[in-house]
Structures are given as C-alpha cells and as structure tokens.
Amino acid sequence: MVTVSLTPIPFRIAALTQERNSLFEYPLERLAEIIREIGFSCTSCAKCCTREFNGHVFLLDRDVMAIKTIDPKALGPAPAPEFCDQNGIFYVSGYALRTKDDTKGSCWFLEDGRCRIYDRRFAICRVYPYMLHREPDEYGKVDWRQFSGLDKHGEYHATIPKDECLALARETKEYENAFLTQEIHFLEFIRDYFAANGLRHVQKVYDDRMRGFVRGAEITVMVYCDGGLEEYRFNRDSI
Ligand code: SF4
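In the working numbering, the protein residues as written are 18 to 256.
Right, dumping it as structure tokens:
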C-alpha cells in the first residue's frame, strides 16, 4: 500500500505563511491602480455565478455561519478533499456553495439570472472578479494575478473613482488573507488531529474511494469549519 506521510504539511504551512506575508507586502496602491486601469464593469451576465464559468465558490467560515441561517441546504464540501485517512474518511478545508442541477451549474442562490441574496452575498462574491494571489499562467509562469476571467465577462475601461479602487483593493486583500489563514488553520488542525488519533493519509485509499464515488458509492467527508470538523455523507446523486 502506498502511503503519503504527513511530513509535507509543515512545508505546506510554511509556503502558505510565506504567501500570506508577501500578500501583506504587496502595495495596496498598486492593486488599486490596476483596478482603475482595467476599469471592470459588471454587465449582470451572471456567468460568474455558474460552475461552467467558475469551478466552485469557496466559503470562508463567516460565510458558512451566515448560510446556516439563510439556507443550510446551499452548503456542500468544497471539491477535491485534501486528505483521506486509512479508514476511507476524506478531509477538506471548507465548504463551497452548492450548484443547481441545470446545464450551467447555476449557484444555489441564482434565480432568473439574479442573486436572490444579493445584499447578503458572500465574501468571494463581493470581491469577484478582483483577486490577489500567485498562480501559474497557461505557460506555467507563477506571478501575482489580480483579475479572474479577464476579457471573458463584463465590460472594461469604465471610470472607477480612486476611493472606490482603494476600497476594492483593501477588500480583496482582506479576502485573500482570510482565505490563506483558513487554509493554514486547516493544515495545522489536520496535523494535530491525525497525530492524536493515529490517522494517516493513504493515497491508495483516496483513489479507491474516489473511484467508488464516481460509480455511485457514498463517501464521508469531514469539513473543516470554525476550528472543528463537520461530517457530511453523500453520493454522486445527492450533490
Ligand atoms: S451567492 Fe449570489 S453572487 Fe454569490 S455566486 Fe451565488 S448567485 Fe452569485
């Protein structure tokens, strides 16, 4: 049996911590200037609220607390769990918004092309399409990315007041910081939880369970939320 030990976790925590530090150092004014230059303007096409356009909408803990009061059925484990223990239990760093069973995979809250909770929409929905994280482009070059779906939706070259650009930049940095912090806390939690309970990640079990899931078997996913784990059981037909 091929096992993947937990030794990479400290390295992953160190890498995320370094990323968060460099995020702090990225000048707010530079991001605000890029936002001003691009001048993105939303045309309410609602593309960004579909799985077809965006893989999934990851939720911060504070968003999860809000959804639990609005409509808990909108919650599902974020895709691609990071770990699977020797007993076949998966672990993932948070929740994502569920999508509807339509051709585009519309967000649970999207109705007739409009967000039905717009005034209470979540952190990522508020900052989108602005972002500030390092990721590779199509050629593998890792660099800071500031926009998602550039030139694929909305309109550009709108005039955005300087104050508004600064506010958008600030909110975007705050979101990225919260996201990275949640990921770091998840890894720290799993490191300690696995050690305390004699668990280890086993890639073969992960792969076998995933193959079973694709064929229709039920899986159990432990979702990291608010400093603990929440159990979630489902099969292919119930998501
Ligand atoms: S919550 Fe609203 S804004 Fe966010 S993805 Fe869903 S429909 Fe879009």
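Ideal Cβ positions, reconstructed from N, Cα and C, are used throughout, including at glycine.
For residue i, which residues from the same chain have a beta carbon less than 7 Å from its beta carbon, with the 5 sequence-adjacent residues on both sides left out?
i      : result
Ile141 : Val74, Phe75, Tyr192
Asp243 : Asp78
Ser123 : Cys66, Thr67, Thr116, Lys117
Trp125 : Ala91, Leu114, Arg115, Thr116, Lys117
Val222 : Cys101, Gln103, Gly105
Ser165 : Tyr145, Pro146, Met148
Gln35  : none
Could you give the C-beta distance for residue i and residue j, rounded to a whole number, given that I count them as a contact under 8 Å?
i      : j      : result
Ile51  : Gln220 : Rounded, the Cβ-Cβ distance is 40 Å, inconsistent with contact.
Gly93  : Ala113 : 6 Å
Gly111 : Val238 : About 11 Å; that fails the 8 Å criterion.
His202 : Asp102 : With 8 Å as the limit, His202 and Asp102 do not qualify as a contact, their Cβ atoms being about 19 Å apart.
Phe258 : Gly171 : Look at the range of the chain in this structure, 18 to 256, and you will see that residue 258 is not part of it.
Leu204 : Ile26  : 5 Å
Ala49  : Ala186 : 4 Å
Buried or exposed: which applies to residue i, given that a residue is buried once 16 or more other Cβ atoms fall within 10 Å of its Cβ?
i      : result
Leu167 : exposed
Phe28  : exposed
Gly215 : exposed
Asn38  : exposed
Lys71  : The sequence shown places Asn at residue 71, rather than the Lys named in the question. Asn71 is buried by the Cβ-count criterion.
Gly233 : exposed
His257 : With the chain running from 18 to 256 in the structure shown, residue 257 is simply not present.
Pro98  : buried
Arg226 : buried
Cys182 : buried
Met119 : The sequence shown places Asp at residue 119, not Met. The residue is exposed, with fewer than 16 neighbouring Cβ atoms inside 10 Å.
Tyr199 : The sequence as given places Gln at residue 199; Tyr does not occur at that position. That one is buried.
Name the two residues that bound the continuous beta strand (DSSP E) containing residue i.
i      : result
His150 : 147–153
Thr237 : 236–242
Glu248 : 245–251
Val109 : 107–109
Tyr112 : 112–114
Pro94  : 92–94
What does a CB cutoff of less than 8 Å around residue i pick up in its chain, not counting 5 residues either side in sequence?
i      : result
Phe230 : Ile236, Asn252, Arg253
Lys169 : Lys64, Phe70
What residue range is occupied by the uninterrupted alpha helix (DSSP H) comprising residue i?
i      : result
Leu167 : It is not in any alpha helix (DSSP H) - Leu167 carries neither H nor E in the DSSP assignment.
Lys179 : 179–214
Who are the near neighbours of residue i in its chain, counting only those whose CB is closer than 6 Å to its CB and skipping five residues on each side?
i      : result
Gly130 : Ala63
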